[in-house]
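Visitor: Positions 288 to 781 (the numbering used here) are the ones given, in order, by the sequence shown.
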Amino acid sequence: MAAESESLKSRVATTLKWNAVDKVASQVLYAVTGIILARLLSQEDFGLVGAMLVFQAFASLFVDSGFSSALIQRKEPTRRDYSTVLWFNISLSVIIYIILYFCAPLIAWCFDGDERLIPLSRVMFLSFIINATAIVQTNRLMKAMNVRPLAVINSAGLTVAAVVGIWLAVAGAGAWAIVWQTIALGLTKSVLLWLYTGWRPLWAFSWKILRSFFKVGSGVMVSSFLNTLFTTIYSFFIGHFVGLVPLGYYTQSDKWSKMGIMSLSQVLTSSFLPALSRVQDNPEEFKRVSTKMNRFTAYLVFPAMGMLAMVAAPVFHTLFETKWDASIAMFQILLARGVFTIFQGLYNNYILALGRARLIVVTEVVRDVVAVVAIFATLPFIGLTTPTNPVLGLEILLAGQLVASAVTWVVTLVITARLSGHTVLDYIIHIFPYAGMTALAMAVMHVVSLIPMSAPLLMVSMAIAGLAVYMGLGAITGSTIQRDILNRLLKFNP
Numbered sequence: 288m289a290a291e292s293e294s295l296k297s298r299v300a301t302t303l304k305w306n307a308v309d310k311v312a313s314q315v316l317y318a319v320t321g322i323i324l325a326r327l328l329s330q331e332d333f334g335l336v337g338a339m340l341v342f343q344a345f346a347s348l349f350v351d352s353g354f355s356s357a358l359i360q361r362k363e364p365t366r367r368d369y370s371t372v373l374w375f376n377i378s379l380s381v382i383i384y385i386i387l388y389f390c391a392p393l394i395a396w397c398f399d400g401d402e403r404l405i406p407l408s409r410v411m412f413l414s415f416i417i418n419a420t421a422i423v424q425t426n427r428l429m430k431a432m433n434v435r436p437l438a439v440i441n442s443a444g445l446t447v448a449a450v451v452g453i454w455l456a457v458a459g460a461g462a463w464a465i466v467w468q469t470i471a472l473g474l475t476k477s478v479l480l481w482l483y484t485g486w487r488p489l490w491a492f493s494w495k496i497l498r499s500f501f502k503v504g505s506g507v508m509v510s511s512f513l514n515t516l517f518t519t520i521y522s523f524f525i526g527h528f529v530g531l532v533p534l535g536y537y538t539q540s541d542k543w544s545k546m547g548i549m550s551l552s553q554v555l556t557s558s559f560l561p562a563l564s565r566v567q568d569n570p571e572e573f574k575r576v577s578t579k580m581n582r583f584t585a586y587l588v589f590p591a592m593g594m595l596a597m598v599a600a601p602v603f604h605t606l607f608e609t610k611w612d613a614s615i616a617m618f619q620i621l622l623a624r625g626v627f628t629i630f631q632g633l634y635n636n637y638i639l640a641l642g643r644a645r646l647i648v649v650t651e652v653v654r655d656v657v658a659v660v661a662i663f664a665t666l667p668f669i670g671l672t673t674p675t676n677p678v679l680g681l682e683i684l685l686a687g688q689l690v691a692s693a694v695t696w697v698v699t700l701v702i703t704a705r706l707s708g709h710t711v712l713d714y715i716i717h718i719f720p721y722a723g724m725t726a727l728a729m730a731v732m733h734v735v736s737l738i739p740m741s742a743p744l745l746m747v748s749m750a751i752a753g754l755a756v757y758m759g760l761g762a763i764t765g766s767t768i769q770r771d772i773l774n775r776l777l778k779f780n781p
């Protein structure tokens, strides 16, 4: 048992390592491209793309239908299982694309009848057909906890997409630069995945197999639908009620905050869920593994989100000068909300690994109900502006959603504690030290921010000060998580 536990720990560590490499490399490429495009394109260009992303998010969600998570949760999926899900994904993606193709004028109508959205959306929506061909290929590598090739392929796809997007932006293509960048990314990744894995599906489809995934898949699907609704509905309200320029400011703040939030969430999900599924039938081992995961997540999430929020202004000024200043406060609010989002995603992994996916729906319903209440409470203020703040109303809207996320986290925490063998107090104890260490680091960063210096120097100085305080406190308190992470980094092996 001890040997098996150590083997699992090693595999999780290796998976985490390569997931981290993947995300760091991807985000560096994504960031460089995003910075260049943010300088070349207008706020309205990003507003147009933000309007399309509302509909693309839901279309992509229906294509997957939660079955990829069900494949990971299943201990030993067969070739016929994978083939059935692949053909389902592709078929549904084609049907949804055809529907949205003819609905493109309605999409334009939702945003003041801007007809530029019709051809833009018809091309952009091709990406989820392309992405549907890669879902199972990606899933098989994740299931095997073999993420190194995924890291390489993702980086290659982002590189090709960056070249396409920047070239078109320089040529004056406007929003089309982002559209074709998205198409190039999906196409490159799909082709490379098929070439690398060598796996080929059976020419077979089984409704019986599809139904066998329904219990877990339907729960994930409904949960993902509600989650997508929660994260994209703001773009619709902003674009419809306030306009494309404010939507552009929001899109930038949302995009840059998601680089950190989604990267951490995806690294943890793709690394932890396969491991959790292996110990789902062993309550004591599940409890031990989940305790380690709670602490590891807290160690990373609190300083990442807190310190990034502290350096937001010098980062934006370094990258964009003052062009996107209106996005800074929204960016900080979204990072704070991201802390709750990441922990809720972690707890959902526990619930999913235990085969109780429908309980995730309960947490999502709670979040959406609270979110809707917050939206209606803040909607009358959405158009508020001041001479120095053109998006004051949007900041109020997002502050309401921060509260909604906190409430949802509490509900999810209670449900997860009952299932995993922990108490609510256990979970609080697991994360509290890292929240306290981060608060002290942020206080020191605030003091540093009062020193007059250029934006780039201020950004670097604040980051160094914050990291030094955080890691110093970790060393003083004898953090085993910090020691394990440093040991793994110093013993990096491909």
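C-beta: ideal position from N, C-alpha, C; glycine also.
Pull up the distance between the alpha-carbon of PRO781 and that of ASP399, whole angstroms please.
Guide: Since pLDDT at PRO781 reaches only 43, below the 50 mark, its modelled position is unreliable, and no value is offered.
Visitor: When the Cα of TYR317 is compared with those of MET746, GLN468, LEU387, ARG435, which residue comes out closest?
Guide: Of MET746, GLN468, LEU387, ARG435, the residue nearest in Cα terms is GLN468.
Visitor: Just checking, does the region 733 to 748 make contact with the region 598 to 618 on the three C-beta pairs under 8 Å criterion?
Guide: They touch, by the three-pair rule.
Visitor: Within this structure, are the beta carbons of PHE630 and THR665 separated by less than 8 Å?
Guide: No, the Cβ-Cβ distance between PHE630 and THR665 is not below 8 Å.
Visitor: Taking contact to mean at least 3 C-beta pairs separated by less than 8 Å, is the region 434 to 453 in contact with the region 462 to 477?
Guide: Short answer: they touch.
Visitor: Are at least three pairs of beta-carbons, each pair with one atom in the region 694 to 706 and one in the region 718 to 731, less than 8 Å apart?
Guide: The region 694 to 706, when compared against the region 718 to 731, does not touch it at the 8 Å Cβ threshold.
Visitor: Helix, strand or coil for THR538? Go by DSSP, reduced to three states.
Guide: Note: THR538 maps to helix in three-state DSSP.
Visitor: Drop a sphere of 10 angstroms on the beta-carbon of THR695, count the other beta-carbons inside from all chains shown, and report buried for 16 or more, exposed for fewer.
Guide: The residue is buried, with at least 16 neighbouring Cβ atoms inside 10 Å.
Visitor: Nearest by alpha-carbon distance to GLU572: which of MET594, LEU641, ILE715 is it?
Guide: Looking at the Cα atoms, LEU641 is the closest of the given residues.
Visitor: So, is PHE528 buried or exposed, given that buried needs 16 or more other C-beta atoms within 10 angstroms?
Guide: Label assigned to PHE528: exposed.
Visitor: Where do the ends of the alpha helix (DSSP H) carrying THR609 lie?
Guide: Segment: none, THR609 is in no alpha helix (DSSP H) and carries neither H nor E.
Visitor: How is the alpha helix (DSSP H) around PRO392 delimited, first residue to last?
Guide: Unbroken alpha helix (DSSP H) run through PRO392: 366 to 397.
Visitor: Only counting the same chain, and skipping five residues up and downstream in sequence, which positions put a Cβ closer than 6 Å to that of ALA464?
Guide: GLY452, LEU455, ALA456.
Visitor: To the nearest angstrom, how far is it from the Cα of ALA491 to the Cα of VAL372?
Guide: Distance between the alpha carbons of ALA491 and VAL372 is about 10 Å.
Visitor: Helix, strand or coil, according to DSSP, for THR469 in the structure here?
Guide: Residue state, collapsed to three classes: helix.
Visitor: What is the C-beta distance between HIS709 and LYS574, in whole angstroms, given that I count them as a contact (C-beta under 8 Å)?
Guide: That belief holds up - the Cβ atoms of HIS709 and LYS574 are roughly 7 Å apart, short of 8 Å.
Visitor: Less than 8 Å between the beta carbons of SER552 and THR628, yes or no?
Guide: Taking 8 Å as the Cβ cut-off, SER552 and THR628 qualify as a contacting pair.
Visitor: Give me the Cα-Cα distance between VAL381 and LYS542, rounded to the nearest whole angstrom.
Guide: Near 27 Å, if we compare the C-alpha coordinates of LYS542 and VAL381.
Visitor: What would DSSP say about THR764, mapped onto helix, strand or coil?
Guide: Three-state result, THR764: coil.
Visitor: Using the rule of at least 16 other Cβ atoms within 10 Å of the residue's Cβ for burial, across every protein chain shown, is PHE342 buried or exposed?
Guide: The residue is buried, with at least 16 neighbouring Cβ atoms inside 10 Å.
Visitor: For ILE738, count the other beta carbons within 10 Å of its own beta carbon; 16 or more makes it buried, fewer makes it exposed. Which is it?
Guide: Classification of ILE738: exposed, given that the 10 Å Cβ count is below 16.
Visitor: Report the rounded CA-to-CA distance for ALA742 versus LYS610, giving the unit in angstroms.
Guide: Their Cα atoms are separated by approximately 14 Å.
Visitor: Between GLN424 and THR519, how many whole angstroms is the CB-CB distance? I'm expecting something under 8 Å.
Guide: Rounded, the Cβ-Cβ distance is 26 Å, inconsistent with contact.
Visitor: Rounded to whole angstroms, what is the Cα-Cα separation between PHE779 and THR673?
Guide: Residue placement at PHE779 is flagged as unreliable, the pLDDT there being 46, under the threshold of 50; a coordinate-derived value is accordingly withheld.
Visitor: Taking only the alpha-carbon atoms, compute the straight-line gap between ARG654 and ALA458 and give it to the nearest angstrom.
Guide: One C-alpha to the other measures close to 43 Å.
Visitor: Taking all protein chains shown into account, do 16 or more other C-beta atoms lie within 10 angstroms of the C-beta of PHE389, making it buried, or fewer, making it exposed?
Guide: By the neighbour-count rule (16 or more Cβ atoms within 10 Å), PHE389 is not buried but exposed.
Visitor: Among residues of its own chain, excluding the 5 on either side of ALA591, which ones have a beta-carbon nearer than 8 Å to its beta-carbon?
Guide: Contacts found: GLY547, LEU551.
Visitor: Kindly list the residues whose CB is nearer than 6 Å to the CB of MET276, restricted to its own chain and excluding five residues on each side of it in sequence; keep chain order.
Guide: Residue 276 is absent from the structure shown; the chain starts at 288 and stops at 781.
Visitor: Do you know whose CA, among MET729, VAL678, ILE768, lies nearest TYR537's CA?
Guide: The residue with the shortest Cα to Cα distance from TYR537 is VAL678.
Visitor: Under the DSSP definition of a beta bridge, which residues are partnered with THR673?
Guide: The partner list for THR673 (beta bridge, DSSP) reads ASN676.
Visitor: Please report the residue range of the alpha helix (DSSP H) in which PRO436 lies.
Guide: Taken as a continuous stretch (DSSP letters only), the alpha helix (DSSP H) holding PRO436 covers 435 to 457.
Visitor: Can you look up VAL697 in the DSSP assignment and give me helix, strand or coil?
Guide: Helix, per DSSP.
Visitor: Count the other CB atoms, across all protein chains shown, that sit within 10 Å of the CB of GLY761; report buried if there are 16 or more and exposed otherwise.
Guide: Buried, since its Cβ has 16 or more Cβ neighbours within 10 Å.
Visitor: Skipping 5 residues on each side, what residues in its chain have a beta carbon closer than 6 Å to that of MET288?
Guide: Residue placement at MET288 cannot be trusted, given a pLDDT of 49 that sits under 50; what the coordinates show is reported in the next sentence. Closer than 6 Å at Cβ, skipping near neighbours: no residue.
Visitor: Based on Cα-Cα distance, which residue from LEU727, ALA460, ILE496 lies nearest to PHE589?
Guide: With distances taken between Cα atoms, PHE589 lies closest to LEU727.
Visitor: Beta-carbon within less than 6 Å of ILE323's beta-carbon, same chain only, minus the 5 sequence neighbours each way: which residues are those?
Guide: Excluding residues within five positions, the ones whose Cβ falls inside 6 Å are ILE453.
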